[in-house]
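There are 2 protein chains.
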Amino acid sequence: MYEEVFKALGEPTRLKIIRLLAEKELCVCDLEEIMDISQPRVSQHLKILKQAGLVKERKEGKKRICSFNREFFDWFMEEFSFFMHRPLHEVEEFAEEVKRMQNLDYDTCAIRRKSLSKKSRINGQEEK
Amino acid sequence: MYEEVFKALGEPTRLKIIRLLAEKELCVCDLEEIMDISQPRVSQHLKILKQAGLVKERKEGKKRICSFNREFFDWFMEEFSFFMHRPLHEVEEFAEEVKRMQNLDYDTCAIRRKSLSKKSRINGQEEK
DNA sequence: TTAACATATAAGTATATACTAATATATGAA
DNA sequence: TTCATATATTAGTATATACTTATATGTTAA
């Protein structure tokens with residue numbers, strides 16, 4: 001989920017769109033004019049922003065009024081910041097990495113490599 | 001600058017790298033083993049993370065010890081959050097957009113379009 | 001129900017990105 | 001100096017992304 005949001009944010013047109021929406025809710029054709037870009041371009045970027053959760057939409061007559069989802073944004077920033085501060089062993093999806101990290105308690109990569117080569121020998125693969 | 005950082009964060013391999021570095025400083029070959037990916041792949045992603053300011057590096061013998069630049073990260077998150085909360089007229093790079101936004105005070109896009117057509121006529125371009 | 005409007009989607013294309021394999025560079029040790 | 005190690009860079013390739021143009025869908029008003 002982090003990936004999707006950051007991807008959405010990591011593109012200048014979309015960054016501009018959400019900054020504009022953060023000021024004021026706008027429909028597609030408003031954005032089209034303010035940013036001076038084509039309608040499909042606005043529409044396509046909005047789709048990505050909506051999927052990421054950063055933009056909300058409501059219908060009003062023919063128009064779709066888009067707005068910045070500030071609640072989600074604030075929550076997301078908090079959440080990610082928290083994620084980046086947690087001790088890694090608490091993060092389930094990193095279980096494998098934590099394990100491998102513990103096998104790292106050697107002084108140098110070199111020593112570790114030798115140990116791996118030894119393992120290879122044991123597995124019948126000869127070192128050259 | 002926001003764009004560069006978000007692009008760096010919006011990729012699973014890099015996200016994993018900085019989350020690992022947030023736990024513990026590591027050299028390239030450590031990451032290689034922990035993540036079980038190729039050395040150039042680690043190296044290339046680290047380059048992008050360093051350019052974005054998210055990763056620091058120090059030399060120690062043959063090794064380059066990489067670490068998460070938490071000071072920058074925390075500053076960046078604050079800064080971006082601030083950026084997203086400011087009134088738009090305070091943000092210099094949006095001067096043009098703010099101007100165009102003020103020309104938006106009509107009820108509907110349709111009306112706005114007609115007005116623009118009128119302008120076109122004045123400029124000598126005929127409506128079809 | 002037709003016309004105008006507002007938006008979405010599709011197709012095509014150019015550029016960007018992420019990867020692998022091969023090679024280059026840099027550092028410390030023998 | 002030569003070798004092994006640690007990392008960086010290059011070249012090639014496949015996929016993803018952003019854009020444009022054209023077309024489709026949905027909504028309101030005449």
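Those sequence lines, one after another, are chains Z and E. Counted from 1, the first sequence has number 32 at position 32 by our numbering; the numbering is strictly sequential. Counted from 1, the second sequence has number 50 at position 50 by our numbering; the numbering is strictly sequential. Beta carbons: idealized from backbone N, C-alpha and C, even for Gly.
Check	Outcome
Cα-Cα separation, I18 (chain E) to M35 (chain E)	12 Å
Minimum C-alpha distance to A66 (chain Z) - residue among Z:F76, Z:E79, Z:C29	Residue identity check: residue 66 (chain Z) is Cys in the sequence provided, not Ala. It is Z:C29 whose Cα lies nearest to the Cα of C66 (chain Z).
Simplified DSSP assignment, three categories, for L21 (chain E)	helix
Where R41 (chain E) falls, given that 16 or more other Cβ within 10 Å makes a residue buried	exposed
Contact list for the segment 27 to 40 of chain E against chain Z, Cβ threshold 8 Å	C27, C29, D30, E33, I34, M35, D36
Per-residue burial, M1 (chain E) [other beta carbons within 10 Å of its own, 16 or more giving buried]	exposed
Whole-number beta carbon distance between A22 (chain E) and R14 (chain E), since they are thought to touch under 8 Å	Actually they do not touch by this definition, with Cβ atoms about 12 Å apart.
Sufficient close CB pairs (3 or more, under 8 Å) joining the segment 67 to 76 of chain E to the segment 45 to 59 of chain E	yes
Which of helix, strand or coil DSSP assigns to E60 (chain E)	strand
Min CB distance E127 (chain Z) to chain E below 9 Å	Bear in mind that a pLDDT of 33 at E127 (chain Z), under 50, signals an unreliable position, so the number given afterwards is only what the model happens to contain. Chain E contact via Cβ: absent.
Cβ shell of F6 (chain Z) (< 6 Å), same chain only, five flanking positions each side left out	none
Any C-beta of chain Z under 9 Å from that of K59 (chain E)	no
Delimiting residues of the alpha helix (DSSP H) encompassing Q48 (chain Z)	The residue you asked about is not Gln; residue 48 (chain Z) is Ile in the sequence shown. Start and end: 39 to 52.
Straight-line gap, S81 (chain Z) to E92 (chain Z) (C-alpha atoms, nearest Å)	17 Å
CB contact below 9 Å: R8 (chain E) versus chain Z	According to the sequence provided, residue 8 (chain E) is Ala. The question's Arg does not apply to it. Output row for A8 (chain E): interface = yes.
C-alpha gap between K99 (chain E) and P87 (chain E), whole angstroms	14 Å
S43 (chain Z) to A95 (chain E) span [Cα, whole Å]	23 Å
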